[in-house]
Amino acid sequence: AQSVSQHNHHVILSEAASLELGCNYSYGGTVNLFWYVQYPGQHLQLLLKYFSGDPLVKGIKGFEAEFIKSKFSFNLRKPSVQWSDTAEYFCAVNANGGFKTIFGAGTRLFVKA
Amino acid sequence: DAGVIQSPRHEVTEMGQEVTLRCKPISGHDYLFWYRQTMMRGLELLIYFNNNVPIDDSGMPEDRFSAKMPNASFSTLKIQPSEPRDSAVYFCASSRRGGGHNEQFFGPGTRLTVL
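Going down the list, the protein sequences come from chains A and B. Following the working numbering from start to finish, the first sequence increments by one per residue and tops out at 433. Following the working numbering from start to finish, the second sequence increments by one per residue and tops out at 118.
Structure representation (structure tokens):
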């Protein structure tokens with residue numbers, strides 16, 4: 321069965337610090353990978369996605385993620401966080417061609433101004 | 004595009020009462036998903052539909068939960084009878100085949116509190 325593991329439940333950073341959130345998935349086939357963000361009081365929205373091609377994908381607001389197939393990982397990065405990045409971040413995976421998407425438990429990021 | 008619409012946004016009810024949550028997917032989307040989000044369990048997929056037909060309901064916690072999709076533009080999630088442990092935020096999401104490799108678009112959620 322598919323599963324998604326996010327390494328950190330809570331992360332606290334100061335503004336301008338670099339961010340890396342870990343995500344590992346378990347699935348033997350070809351996958352689509354996503355990072356969603358949920359700002360306080362809001363719904364989930366897509367940050368970025370990978371389905372094929374360049375394993376380094378760039379999303380909105382300066383975020384990027386790297387797919388490392390050999391490690392079953394899809395870590396999210398941002399060189400310099402801002403207070404407005406305070407949110408919960410979810411890694412998600414579905415099988416290529418499939419619609420059932422499995423979400424990780426989420427990582428709550430708090431950025432101190 | 005109005006996005007996914009959910010109602011009500013907040014619901015407070017007493018244990019034992021029936022609760023009905025509503026969702027209108029994005030026009031043209033043929034997949035609809037219901038999720039439950041709690042602090043303890045994170046984001047859980049309850050059920051999803053394709054072309055109004057339930058495909059996978061293995062995440063529905065118990066018989067007290069039921070979901071329907073009578074047409075392409077409307078779905079309901081019903082809890083009867085409700086219990087305090089059902090308190091959570093319930094999200095509806097929609098997607099379409101071939102659209103962004105199955106990216107899901109989420110609604111604003113319904114925050115349910117069962118007293």
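Where a beta carbon is used, it is the ideal one built from N, C-alpha and C, also for glycine. Owing to the predicted nature of the structure, the values given are computational and were not obtained by experimental measurement.
Only residues of its own chain outside the window of five on either side were considered, and among them 342 have a CB closer than 6 Å to the CB of residue 327 of chain A, listed in chain order. With 16 or more other Cβ atoms from the protein chains shown falling within 10 Å of its own Cβ, residue 70 of chain B counts as buried. In the DSSP assignment, residue 27 of chain B falls within the beta strand (DSSP E) that extends over 22-27.
Residue 381 of chain A: not part of any beta strand (DSSP E); DSSP gives it neither H nor E. Inclusion of residue 398 of chain A and residue 332 of chain A in the CB contact set at 8 Å is not warranted, their separation being larger than that value. Within chain A, the residues 363 have their CB atoms less than 8 Å from the CB of residue 110 of chain B, given in chain order. Counting only Cβ-Cβ distances below 8 Å, residue 426 of chain A has contacts in chain B at 45, 46, in chain order.
Contact between the region 355-369 of chain A and the region 333-340 of chain A is absent, with fewer than three C-beta pairs closer than 8 Å. When secondary structure is reduced to three states using DSSP, residue 69 of chain B falls in the strand class. Taking 9 Å as the cut-off between beta carbons, the residues of the region 50-75 of chain B near chain A are 51, 53, 58, 59, in sequence order.
Contacts with chain B at 8 Å (Cβ-Cβ) do not include residue 430 of chain A. A straight-line Cα-Cα distance of about 17 Å links residue 394 of chain A and residue 428 of chain A.
DSSP places residue 371 of chain A outside any beta strand (DSSP E), giving it a letter other than H or E. No Cβ of chain A is located within less than 8 Å of the beta carbon of residue 14 of chain B. If you check each beta-carbon in the region 403-415 of chain A against every beta-carbon of chain B, the ones closer than 8 Å belong to 410, 414. Per DSSP, residue 106 of chain B lies in no beta strand (DSSP E) and is assigned neither H nor E. For residue 88 of chain B, no beta strand (DSSP E) encloses it, and the DSSP letter there is neither H nor E.
With its beta carbon less than 8 Å from one in chain A, residue 34 of chain B belongs to the interface.
At a C-beta separation below 9 Å, residue 98 of chain B has these neighbours in chain A: 419, 421. Scanning its chain for C-beta atoms nearer than 6 Å, with the 5 sequence neighbours on each side dropped, one finds around residue 323 of chain A the residues 346, in chain order. Contact between the region 88-98 of chain B and the region 32-52 of chain B is present, with at least three C-beta pairs closer than 8 Å. DSSP links residue 57 of chain B through a beta bridge to B:52. Within 8 Å of the CB of residue 378 of chain A, no CB atom of chain B is found; the nearest one sits about 15 Å away. Beta-bridge analysis with DSSP links residue 394 of chain A to A:387.
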